[in-house]
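A.B. asks:
Protein chains: 2
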Amino acid sequence: MPMKKLDRSLIRDLSIFQSMSEEDLDAVLAMASIRQLPEGKAAFSQGEIATEFFALLHGRLKVVQTTPDGQQVVVRHVNPGDIFGIARAMRRPDFPATAIAVVESLALAWPSNQWEAFIARSPVLAMNALQTVGQRLQDAHTRIRELSTEEVERRVAHALLRLVRQAGRKTEEGILIDFPVTRQDLAEMTGTTLHTVSRVMTGWESKGLVASGRKKVVVKDAHGLHVLAEKPE
Amino acid sequence: MPMKKLDRSLIRDLSIFQSMSEEDLDAVLAMASIRQLPEGKAAFSQGEIATEFFALLHGRLKVVQTTPDGQQVVVRHVNPGDIFGIARAMRRPDFPATAIAVVESLALAWPSNQWEAFIARSPVLAMNALQTVGQRLQDAHTRIRELSTEEVERRVAHALLRLVRQAGRKTEEGILIDFPVTRQDLAEMTGTTLHTVSRVMTGWESKGLVASGRKKVVVKDAHGLHVLAEKPE
DNA sequence: CGGCCTTTTTGCTAAAAGGCAAAGATGAAA
DNA sequence: TTTCATCTTTGCCTTTTAGCAAAAAGGCCG
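In order, the protein sequences belong to chains A and B.
For what it's worth, our numbering labels the leading residue of the first sequence as 9, then goes sequentially.
For what it's worth, our numbering labels the leading residue of the second sequence as 9, then goes sequentially.
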């Protein structure tokens, strides 16, 4: 079973499963099912009862909150190796957001009610989860600080640099964001409009900082972008 | 020792210590020291090594991030019964923010390196902490959504309603926020300026929604404020 | 290759909010 | 009571960003 083998090594690397014994990991794996997510497909949706939690093996998801009047906000991205949808572990009955595949993705899914059993079997899991959620909290606070104090151009620069870190792939042109990103997406990540993002990107393009096309962004001068992102003025 | 007695009942109520056995709680308490914080005093500061973590018994703190150029952002408030400063539990060496008493406060402090021992003794503690941090993450995402999609007036309304929930005290005039709140504070909670907050509040005052004075806010019509906060237009 | 849907760009205008400066309040301390 | 530091309000002007509308560009499918 080559598939099984692949999964195993990927799972071994999941931060949440670090320092777990092989037997415990086996027990955990025995409960998992595999979920294939074509691009655009939601792993779960905002408001849904959280009957499962997940770990991403391949691909990439965006986690989106929708406001009552339909505006969307990208809260974070899920990268390979991340666990996600752990609402129940935080004793929340429903999912507070929607997770949508931005490229074809592959995830493991476990029944939510297994969480307690897993923790009981391997308490280190709870500590790992705490670290993971703690990191997300830091990231969220960083976003809050940026949204509160920075103007649009710097926010977009920060968002783009984050994408570089999470999904950057070196090419001859520069660092390509390894999944489709529209102006609208960037707007939803930075609390602005696609029009404004477009204007900002056009400016950067002419300065040689980035090269972009339809659903595509290449960062040509990460350092220059970084300077721009940090410069207070 | 009446002080001891008081602490004990307060500690019993800390969400993080729910479902712990009496003996485990005793062991935890034995390691704690008491910390008195006069108004304006920081329990810890951004960047400091996290040698301790805390639980608030009385009073109120604000958790503030300072930007490189000195702007401040209030990330959240710490209310009685909350644990705070648990950076090390999230495997972060330093504190990512500063916690300042906004009224005279009383906290318990434990050495950071006790965390692991506590968890080992009582794994339910890790799960409680996970829930606590999970709740904070939800709150942070809510703030991100607000900052991304709402204009200033609605953001301030939401912030004020949050304060009502966390620290509202009924009086004849209306619901008083039970600690000193300046326009600057509200600005730092909502990503705007004290000038704009002042203008917004003046408008509300004339509509009879709030009554406010120096470092003081009374919500006279919480429902009206709520309508305003939710109305998309 | 051509049509068509989606995404992106851009010009113009309007609204929202910030910055500056100065004048009023308020309360605490002397 | 007077003084003084701190908060708050307000008028005016500027900047930033959103909104609207329309054109341009890309890429996919038949």
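Don't be surprised by glycine CBs; every beta carbon is placed ideally from N, CA and C.
Between Ala40(A), Glu154(A), Arg222(A), which lies nearest to glutamate 238(A) when the distance is taken from Cα to Cα?
C.D. replies: Measuring from the Cα of glutamate 238(A), the nearest candidate turns out to be Glu154(A).
A.B. asks: So, using beta-carbon positions, are phenylalanine 187(A) and valine 110(A) closer together than 8 Å?
C.D. replies: Contact flag set, yes.
A.B. asks: Are three or more beta carbon pairs between the segment 55-69 of chain A and the segment 100-118 of chain A nearer than 8 Å?
C.D. replies: Contact between the segment 55-69 of chain A and the segment 100-118 of chain A is present, because at least three Cβ pairs lie under 8 Å.
A.B. asks: Note down, in chain order, each residue of its chain lying with its Cβ closer than 8 Å to the Cβ of threonine 75(B), except the 5 sequence neighbours on either side.
C.D. replies: Excluding sequence neighbours, threonine 75(B) sits near Val81.
A.B. asks: Check whether the Cβ of glycine 199(B) lies closer than 8 Å to any Cβ atom in chain A.
C.D. replies: Yes, contact with chain A.
A.B. asks: Pull up the distance between the alpha-carbon of lysine 215(A) and that of valine 226(A), whole angstroms please.
C.D. replies: Roughly 13 Å between the two C-alpha positions.
A.B. asks: With 8 Å as the threshold, decide whether the Cβ of serine 27(A) is near any Cβ in chain B.
C.D. replies: Chain B contact via Cβ: absent.
A.B. asks: If you reduce the DSSP assignment to three classes, tell me which class aspartate 6(A) lands in.
C.D. replies: Residue coverage of chain A in this structure runs from 9 to 241, which leaves residue 6(A) outside it and unanswerable.
A.B. asks: With a threshold of 6 Å on Cβ separation, who are the neighbours of methionine 11(B) within its own chain once the five nearest residues in sequence on each side are excluded?
C.D. replies: Because methionine 11(B) carries a pLDDT of 46, less than 50, the predicted location of this residue cannot be relied on, and the following value inherits that uncertainty. Excluding sequence neighbours, methionine 11(B) sits near nothing in its chain.
A.B. asks: Here's the rule I'm using: 16 or more other beta-carbon atoms within 10 Å means buried, otherwise exposed. How should alanine 128(A) be labelled?
C.D. replies: The residue is exposed, with fewer than 16 neighbouring Cβ atoms inside 10 Å.
A.B. asks: Counting only Cβ-Cβ distances shorter than 8 Å, please list the residues of the segment 130-152 of chain B near chain A, keeping chain order.
C.D. replies: Correct list: Pro131, Ala134, Met135, Ala137, Leu138, Gln139, Val141, Gly142, Gln143, Arg144, Leu145, Gln146, Ala148, His149, Arg151, Ile152.
A.B. asks: Cβ closer than 7 Å: which chain B residues qualify as neighbours of leucine 155(A)?
C.D. replies: Under the 7 Å cutoff, chain B gives Ile152, Leu155, Ser156, Gly199.
A.B. asks: Taking contact to mean at least 3 C-beta pairs separated by less than 8 Å, is the segment 36-54 of chain B in contact with the segment 117-127 of chain B?
C.D. replies: Cβ pair count under 8 Å is three or more, so yes.
A.B. asks: When you compare the segment 125-145 of chain B with the segment 165-185 of chain B, are there three or more beta-carbon pairs, one atom per stretch, that lie closer than 8 Å?
C.D. replies: The segment 125-145 of chain B vs the segment 165-185 of chain B: no contact.
A.B. asks: Would you say arginine 43(A) and alanine 51(A) are within 8 Å of each other, going by their C-beta atoms?
C.D. replies: Cβ atoms of arginine 43(A) and alanine 51(A): closer than 8 Å.
A.B. asks: At what residues does the alpha helix (DSSP H) containing glutamate 180(B) begin and finish?
C.D. replies: It is not in any alpha helix (DSSP H) - glutamate 180(B) carries neither H nor E in the DSSP assignment.
A.B. asks: Compare the beta carbon distance of glycine 89(A) and serine 23(A) with 8 Å and say whether it is the shorter of the two.
C.D. replies: Cβ atoms of glycine 89(A) and serine 23(A): closer than 8 Å.
A.B. asks: Would you call glutamine 26(B) buried or exposed, if buried means 16 or more other Cβ atoms sit within 10 Å of its Cβ?
C.D. replies: Exposed, by the Cβ-count rule.
A.B. asks: Below 8 Å on the Cβ atoms is my contact criterion, and I expect valine 141(A) with valine 141(B) to pass it. Report the Cβ-Cβ distance as a whole number of Å.
C.D. replies: Sure, about 5 Å apart at Cβ, within 8 Å.
A.B. asks: State the Cα-Cα distance for the pair glycine 211(B) and leucine 217(B), rounded to the nearest angstrom.
C.D. replies: When rounded, the distance between both Cα atoms is 9 Å.
A.B. asks: Along the chain, which unbroken stretches of the beta strand (DSSP E) at least 3 residues long are found entirely within the segment 195-241 of chain A?
C.D. replies: Taking only runs of at least 3 residues, the beta strand (DSSP E) segments lying wholly in the segment 195-241 of chain A are 218-221, 224-227.
A.B. asks: Within its chain, find whatever has a CB closer than 7 Å to the CB of leucine 202(B); leave out the 5 residues flanking it on each side and keep chain order.
C.D. replies: Taken in chain order, the residues that qualify are Arg191, Gln192, Ala195.
A.B. asks: Can you list, in chain order, the residues of its chain with a C-beta nearer than 6 Å to that of leucine 64(B)? Leave out the 5 residues immediately preceding and following it.
C.D. replies: Excluding positions up to five away in sequence, the list reads Val86, Pro88, Asp90, Ala115.
A.B. asks: With respect to 7 Å, is the separation between the Cβ of glutamine 174(A) and the closest non-hydrogen atom of the ligand GTP below this value?
C.D. replies: In the structure on display, the ligand GTP does not appear, and there are no ligands present to speak of.
A.B. asks: Using a C-beta to C-beta distance shorter than 8 Å, which residues of chain A count as neighbours of arginine 99(B)?
C.D. replies: Result: Gln139, Gly142.
A.B. asks: Verify the CB distance criterion: does isoleucine 127(B) have a CB-CB separation below 8 Å to chain A?
C.D. replies: With 8 Å as the cut-off, isoleucine 127(B) counts as an interface residue toward chain A.
A.B. asks: Take threonine 57(B) and list the residues in its own chain whose beta-carbon comes closer than 7 Å to its own, dropping the five residues that flank it on each side.
C.D. replies: As written in the sequence, residue 57(B) is isoleucine, which differs from the threonine given in the question. Answer for isoleucine 57(B): Pro101, Asp102, listed in chain order.
A.B. asks: Under a CB-based cut-off of 8 Å, is proline 104(A) close to chain B?
C.D. replies: It does; some Cβ of chain B falls within 8 Å.
A.B. asks: Output the boundary residues of the alpha helix (DSSP H) element that contains valine 36(B).
C.D. replies: Here the alpha helix (DSSP H) through valine 36(B) covers 30-38.
A.B. asks: What does a CB cutoff of less than 8 Å around methionine 28(A) pick up in its chain, not counting 5 residues either side in sequence?
C.D. replies: Closer than 8 Å at Cβ, skipping near neighbours: Val36, Ser130, Val132, Leu133.
A.B. asks: For my contact list, proline 104(B) and glutamine 54(B) are in at a C-beta cut-off of 8 Å; report their separation, rounded to the angstrom.
C.D. replies: Yes, proline 104(B) and glutamine 54(B) are in contact; Cβ-Cβ is about 7 Å, under 8 Å.
A.B. asks: Nearest chain A C-beta to valine 205(B) closer than 8 Å, yes or no?
C.D. replies: Not one chain A Cβ lies under 8 Å of valine 205(B).
A.B. asks: Give the interface partners of threonine 75(B) over in chain A, defined as CB-CB distance under 7 Å, in chain order.
C.D. replies: Neighbours of threonine 75(B) on chain A, chain order: Arg153, Thr157.
A.B. asks: May I ask which residues mark the beginning and end of the alpha helix (DSSP H) holding arginine 129(A)?
C.D. replies: Taken as a continuous stretch (DSSP letters only), the alpha helix (DSSP H) holding arginine 129(A) covers 122-129.
A.B. asks: Specify the secondary structure class of phenylalanine 92(B) as computed by DSSP and reduced to three states.
C.D. replies: Strand, per DSSP.
A.B. asks: Residue range of the beta strand (DSSP E) that arginine 68(A) falls in?
C.D. replies: Element bounds for arginine 68(A): 60-74.
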